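First up is the structure itself, then whatever we jot down about it.
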Amino acid sequence: MESEDDPVPTGHKRLPDSCVDGERACENCHEPGASMVCANCKVTDIGNICTRYCSRSCQQQGWERHKKTCHDRRRLIRAARVFVSIWDHFQALTYDRNYNFVRSDENGRVIHIACPDLPSALDCAGWTGETIFRPFPGSVVPADVDNDVKRAILHRHTCSDIVDVGRPLVDVILKPLCARILTANVEPKNIAMTTVSKHTGLMSDSHIVLYLELASGERFALDLSGRQYGWQKSIYTWDCFIRHRAQLVSSASLDAANRSLAQSMEASRLAPTDIGRASRDLRCEIAQQVAESINASFRTRQTSVRSFMSQLDDSFSGQVADLISHATVKIQERIHDMTVNRGLGRWYIDMDISGSVKNSVLRDEELAHRMKRVFLTKDDINSIRLKYGDEPHEIAEQKRAADLARLWNERVRECDSLF
Ligand SMILES: [Zn+2]
Ligand SMILES: [Zn+2]
Numbered sequence: 031m032e033s034e035d036d037p038v039p040t041g042h043k044r045l046p047d048s049c050v051d052g053e054r055a056c057e058n059c060h061e062p063g064a065s066m067v068c069a070n071c072k073v074t075d076i077g078n079i080c081t082r083y084c085s086r087s088c089q090q091q092g093w094e095r096h097k098k099t100c101h102d103r104r105r106l107i108r109a110a111r112v113f114v115s116i117w118d119h120f121q122a123l124t125y126d127r128n129y130n131f132v133r134s135d136e137n138g139r140v141i142h143i144a145c146p147d148l149p150s151a152l153d154c155a156g157w158t159g160e161t162i163f164r165p166f167p168g169s170v171v172p173a174d175v176d177n178d179v180k181r182a183i184l185h186r187h188t189c190s191d192i193v194d195v196g197r198p199l200v201d202v203i204l205k206p207l208c209a210r211i212l213t214a215n216v217e218p219k220n221i222a223m224t225t226v227s228k229h230t231g232l233m234s235d236s237h238i239v240l241y242l243e244l245a246s247g248e249r250f251a252l253d254l255s256g257r258q259y260g261w262q263k264s265i266y267t268w269d270c271f272i273r274h275r276a277q278l279v280s281s282a283s284l285d286a287a288n289r290s291l292a293q294s295m296e297a298s299r300l301a302p303t304d305i306g307r308a309s310r311d312l313r314c315e316i317a318q319q320v321a322e323s324i325n326a327s328f329r330t331r332q333t334s335v336r337s338f339m340s341q342l343d344d345s346f347s348g349q350v351a352d353l354i355s356h357a358t359v360k361i362q363e364r365i366h367d368m369t370v371n372r373g374l375g376r377w378y379i380d381m382d383i384s385g386s387v388k389n390s391v392l393r394d395e396e397l398a399h400r401m402k403r404v405f406l407t408k409d410d411i412n413s414i415r416l417k418y419g420d421e422p423h424e425i426a427e428q429k430r431a432a433d434l435a436r437l438w439n440e441r442v443r444e445c446d447s448l449f
């Protein structure tokens, strides 16, 4: 449940929608208050980026200098649009967490989502072997929540996803689509978002964004999980992003963050059944397969990256829509294969030596097939749920959990005797 001590991310500095790189000056004569924008490189649906001029004559005079920037920006924005759409779909379809609070700040923009570690054993659907992959939004999210809130929920606590889970999609979509314009690899950067807790004051949240540096010299931040803070767009010029939203984490703390990420990945191999880790590993597998399929689809279309990226707007949008539906089908196929054919990703009861109950996830196919025969039914669970009603709540819960564990172990033993 939500604790009163939870930091509530309010008070972020955030850009007004009209803010374009913090400046509104003419690109050519640098006079403030420029109101015309270069239509070729402006982006408003996934970012707030554009090049401003005070007049048509300034635009014409400035074109020689602007054209390289304009071309590279246009290409980057297209690549980012494809990548962000596919990433959003991927996150939505492999959504696997129970969130039970959605809250906005007084401006209705900053969003806070609380996620209980795990519901009590009795409320955990996993006893019956239900899959951890559930289509978004789970039953806990009201149907009328708008898309930005849904995305914020998806991106809550998932900024590191782009480093481990999303890596194959970065490699297959983002990098090739902006290959010629980038000066270096697409680099994850750890930054500190400044947030204000109503109890503890100013604090920093570690946040990972992708850093892109173009041959034109321009630098951009692709912020895939900023929606958890109520920031609706995904791409900003780097300077603007840093100035308004974040501080770079020192290289020492970045090293520390990278070490802890490496350790957590190492730990995930040691404890492969943990729900969060198992989910992440299974999603990594799906991302890898989807990336391969997208790669293959590019090859079979015999579309070069150059011609794909230089289409007219309408036909580009059409192709992006095709790519998204292709990716969606692939993701759903992979999830189906994993959960239905291979039995992976189902919650089950795990007992440690002391007899305490843990919730775990199936990652082993042989075990999954054995487990299929012994998962408890909803009736099993409901009959236990009704017991111990006269006892104090906490004691009743403990007794119910023990009964469930006992029943589960009986089933497992029955099952073992079948082999
Ligand atoms: Zn001007
Ligand atoms: Zn332009």
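In our numbering, the protein residues as written are 31 to 449.
C-beta atoms are modelled at their ideal positions from N, C-alpha and C, and glycine is treated no differently.
Computed from a prediction, not measured in an experiment: that's the story for all the values here.
What would DSSP say about residue i, mapped onto helix, strand or coil?
i	result
residue 402	coil
residue 125	coil
residue 222	strand
residue 243	strand
residue 391	strand
residue 419	coil
residue 374	coil
residue 251	strand
residue 147	Low confidence applies to residue 147: its pLDDT is 48, below 50, so where it sits in the model is not reliable enough to give any reading.
residue 212	strand
residue 266	strand
residue 256	helix
residue 413	helix
residue 76	coil
residue 161	strand
residue 82	strand
residue 119	helix
residue 440	helix
residue 396	helix
residue 185	helix
residue 217	strand
residue 65	coil
residue 237	strand
residue 427	helix
residue 340	coil
residue 57	coil
Residues in the same chain with beta-carbon distance under 7 Å from residue i, minus the five sequence neighbours each way, listed in chain order, please.
i	result
residue 263	76, 77, 78
residue 243	212, 213, 214, 249
residue 204	109, 113, 216
residue 467	Outside the modelled stretch of the chain, which goes from 31 to 449, sits residue 467, for which no answer is possible.
residue 452	Here the chain covers residues 31 to 449 and nothing more, so residue 452 does not appear.
residue 117	196, 199, 254
residue 206	335
residue 443	none
Counting only the same chain and skipping the five closest in sequence on each side, list residues whose C-beta sits under 8 Å from that of residue i.
i	result
residue 238	189, 190, 192, 193, 218, 219, 220, 221, 255
residue 358	119, 123
residue 414	152, 430, 433, 434, 437
residue 419	426
residue 398	372, 373, 374, 376, 392
residue 361	119, 120, 123, 124, 316, 320
residue 86	66
residue 341	349
Can you give me the Cβ contacts of residue i inside the same chain, cut-off strictly under 6 Å, excluding the 5 residues immediately before and after it?
i	result
residue 421	none
residue 59	88
residue 161	369, 375, 376
residue 121	184
residue 246	98, 99, 102
residue 441	404
residue 439	none
residue 395	372
Assuming residue i and residue j make a contact with CB atoms under 8 Å, what is their CB distance in whole Å?
i	j	result
residue 112	residue 350	5 Å
residue 391	residue 375	6 Å
residue 195	residue 314	5 Å
residue 71	residue 108	The pair is not a contact, with the Cβ atoms about 10 Å apart (cut-off 8 Å).
Do the CB positions of residue i and residue j come within less than 8 Å of each other?
i	j	result
residue 241	residue 261	no
residue 199	residue 326	no
residue 208	residue 106	yes
residue 68	residue 80	yes
residue 182	residue 275	no
residue 364	residue 319	yes
residue 202	residue 354	no
residue 159	residue 402	yes
residue 82	residue 66	yes
residue 252	residue 272	no
- Query: Listed in chain order, which residues are found with a beta carbon closer than 7 Å to a heavy atom of ligand 1?
  - Reply: 56, 58, 59, 61, 64, 83, 84, 85, 88
- Could you name the residues whose beta carbon sits closer than 5 Å to any heavy atom belonging to ligand 2, keeping them in chain order? 68, 70, 71, 81, 100
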